[in-house]
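Notes to accompany the following structure.
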Amino acid sequence: MSTFAPFHYRSPDDFRRDLAEVEPSPPYTDDLTPLGAPVDVAGKTVANRLAVHPMEGADGEADGSPGGLTFRRYRRFASGGAGLLWFEATAVRQDGRANPRQLYIHAGNADAYKRLLDEALAAADASGGPRPFTVLQLTHSGRQSRPGPAPEPIIAEVNPVLDRVPGRVVTDDELQRLRDDYLAAARLAAAVGFDAVDVKACHGYLLGELLAARGRPGRYGGSFENRTRLMLEIVEAIAASVGSRLAVASRLGVWDAVEYPYGWGVSEADPHVPDFTEPIRLVRLLSERGLCLVDVTCGNPYFNPHVNRPFDKGYYTPPQRQLQGVASLLGAARTVQAAVPEVAVVGTGLSWCRQFGANLAAACVRDGWFTFAGFGRQSFAYPDFARDILHSGGLDSAKCCVACGNCTVMMRDGQPAGCMVRDGDVYLPIYREGRKDKPPLDMSRIAEHV
């Protein structure tokens, strides 16, 4: 099978033919009923196996409150029929925001998050669909911090592979205080009424970077025990404080695809080969401390975006076929689910498959690859994807995400992000404004390493 090949499939047979050639080869079925099965998470019944991934819209207010487009997006997501609604990255500190519009929850704006959640749930009720199980993702952007007009990276250690601008190495004392910031944000989320919080550790953000900080001295670097210490402390503190009201989850990177010793979950010999030994060990330890839900992801969108988000159009040519990228993501979720069956795993990588993503999702859930099938970019383009899967016999190809990557371009341009193809009345003017007088994004540093 050749390498880079944009989506070209006209029939299920065409798609299944290539699906059989990737490794691991995901299953496929025409029976979508497994996706409608309810499942228990933390003592609550989730109505179905479909999930909206945490997708940043970069449309918050200066103080971190949700903005008008944020409210619009979550009303649309919640009324779309998915059983699991994962709210996007929300900073726990001002200096941990990835852009000046990123959400940031604090005591001064918790009421705005209550309105956001209440409006989303009301939209779900009005649609006649299920009330989703809601997760608020908590984060510190670390290396990607840009709370103002210029980058202000806060890093776990100097990293010659990922460093682009000089960053300030965070101290152990700051990390101990950060644990308290996560706990404070989790308490606010519980008071607002979310069902769970996500302690985000992926995609090169601070907690994810710490997992690979082998060269860092002190309590939070070097050994596996030290590199995972803060993640475990945060989860344990949240579970002990508000565990009776709030489940604990994580969107967890399990394979950075960044060369050793700077990457997590990678083979020492080849960063293109995952080694899930440490990630699985971590998930087991997190489960012992109260974590019940993990959204498995891979890669770093600032360094190798093809790993976590297979695309058809971009500024470099990935070294593998997109369908192989899908298979690798689904296979990573399968590995974690098999190793830690007591934790509900969310699989990812399905959006690139367009209308056939529903068939992969149903077969993977049926066969135990993971508990929930997550859709990210697809939810921007097609917020009612779950309703169509469950009640209309599948996905409509005319409504699907086309994997053009322009939602990411909009965010990189400093604009709110959404689908300029399927939601063009709102987002096409925003896209055009962001691209005005700008050259193509410079992805040369990425191209050097793929």
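Under the working numbering, the sequence shown is numbered contiguously, ending at residue 450. For each residue, glycine too, the CB sits at the ideal point set by N, CA and C.
Where residue i sits in the DSSP three-state scheme
i: serine 397; result: helix
i: arginine 29; result: At residue 29 the sequence reads threonine, which differs from the arginine that was named. In the structure shown, threonine 29 sits in coil (DSSP, three-state: anything other than H, G, I, E or B).
i: cysteine 419; result: coil
i: proline 383; result: coil
i: leucine 175; result: helix
i: phenylalanine 370; result: coil
i: threonine 277; result: helix
i: leucine 246; result: coil
i: arginine 168; result: strand
i: phenylalanine 375; result: strand
i: glycine 253; result: strand
i: leucine 282; result: helix
i: glutamate 448; result: Model confidence at glutamate 448 stands at a pLDDT of 48, short of 50, so the residue's coordinates are unreliable; what they give is reported in the following sentence. Correct three-state label for glutamate 448: helix.
i: valine 258; result: coil
i: leucine 350; result: coil
i: leucine 103; result: strand
i: valine 192; result: helix
i: valine 365; result: helix
i: valine 336; result: helix
Within-7 Å CB hit, residue i to chain B
i: arginine 93; result: Included in the structure is just one protein chain, with no chain B present.
Straight-line Cα distance separating residue j from residue i
i: phenylalanine 356; j: asparagine 226; result: 42 Å
i: aspartate 111; j: glycine 68; result: 15 Å
i: alanine 453; j: aspartate 437; result: Because residue 453 is not part of the residues shown, which for the chain are 1 to 450, the question remains open.
i: leucine 285; j: aspartate 425; result: 47 Å
i: tyrosine 316; j: phenylalanine 303; result: 11 Å
i: tyrosine 182; j: aspartate 95; result: 13 Å
i: glycine 167; j: tyrosine 28; result: 45 Å
i: histidine 272; j: glycine 325; result: 11 Å
i: alanine 189; j: arginine 115; result: 12 Å
i: tyrosine 104; j: lysine 200; result: 14 Å
i: glutamate 56; j: phenylalanine 380; result: 10 Å
i: aspartate 61; j: asparagine 109; result: First, the residue type needs correcting, since residue 61 is glutamate and not aspartate in the sequence shown. Distance between the alpha carbons of glutamate 61 and asparagine 109: 10 Å.
i: leucine 230; j: leucine 252; result: 14 Å
i: proline 26; j: proline 160; result: 36 Å
i: cysteine 407; j: glycine 418; result: 5 Å
i: arginine 435; j: proline 301; result: 20 Å
i: leucine 462; j: isoleucine 155; result: Only positions 1 to 450 of the chain appear in the structure, and residue 462 is not among them; the question remains open.
i: phenylalanine 87; j: proline 100; result: 18 Å
i: proline 319; j: valine 365; result: 29 Å
i: glycine 215; j: glutamate 157; result: 7 Å
i: serine 328; j: proline 24; result: 7 Å
i: phenylalanine 372; j: leucine 50; result: 6 Å
i: arginine 445; j: aspartate 270; result: For arginine 445, the pLDDT reaches just 48, beneath the cut-off of 50, and the residue's location in the model is therefore unreliable, leaving the point undetermined.
i: asparagine 48; j: isoleucine 234; result: 29 Å
i: valine 242; j: histidine 106; result: 17 Å
Residue range of the alpha helix (DSSP H) that includes residue i
i: leucine 84; result: Careful: leucine 84 lies outside any alpha helix (DSSP H), inside the beta strand (DSSP E) at 84-91.
i: alanine 483; result: Nothing can be reported for residue 483, as the shown portion of the chain is limited to 1 through 450.
i: aspartate 413; result: Run containing aspartate 413: none; DSSP gives neither H nor E here.
i: isoleucine 430; result: 424-435
i: proline 12; result: 12-19
Proximity of residue i and residue j at Cβ, strictly below 7 Å
i: alanine 58; j: proline 416; result: yes
i: alanine 249; j: aspartate 198; result: yes
i: valine 46; j: leucine 84; result: yes
i: methionine 410; j: tyrosine 431; result: yes
i: alanine 332; j: valine 283; result: no
i: glutamine 378; j: serine 351; result: yes
i: alanine 247; j: cysteine 202; result: no
i: glycine 142; j: alanine 212; result: no
i: glycine 376; j: valine 346; result: no
i: threonine 277; j: tyrosine 205; result: no
i: isoleucine 389; j: leucine 35; result: yes
i: proline 383; j: arginine 75; result: no
i: alanine 89; j: glutamine 144; result: no
i: alanine 386; j: glycine 80; result: yes
i: glycine 193; j: alanine 239; result: no
i: glycine 349; j: glycine 405; result: no
i: valine 296; j: valine 343; result: no
i: arginine 97; j: proline 149; result: no
i: threonine 3; j: arginine 321; result: yes
i: tyrosine 220; j: leucine 207; result: no
Residue interval of the beta strand (DSSP E) (run including residue i)
i: threonine 134; result: 133-139
i: valine 199; result: 196-199
i: valine 343; result: From DSSP, valine 343 is part of no beta strand (DSSP E); its letter is neither H nor E.
Curious, which full-length alpha helix (DSSP H) runs of at least 4 residues does the stretch 284-325 contain? 305-308
Would you list, in sequence order, the uninterrupted alpha helix (DSSP H) runs of no fewer than 4 residues that lie entirely inside the stretch 207-237? 224-227
Alpha helix (DSSP H) segments (min. 4 residues) lying fully within the stretch 24-82: 68-78
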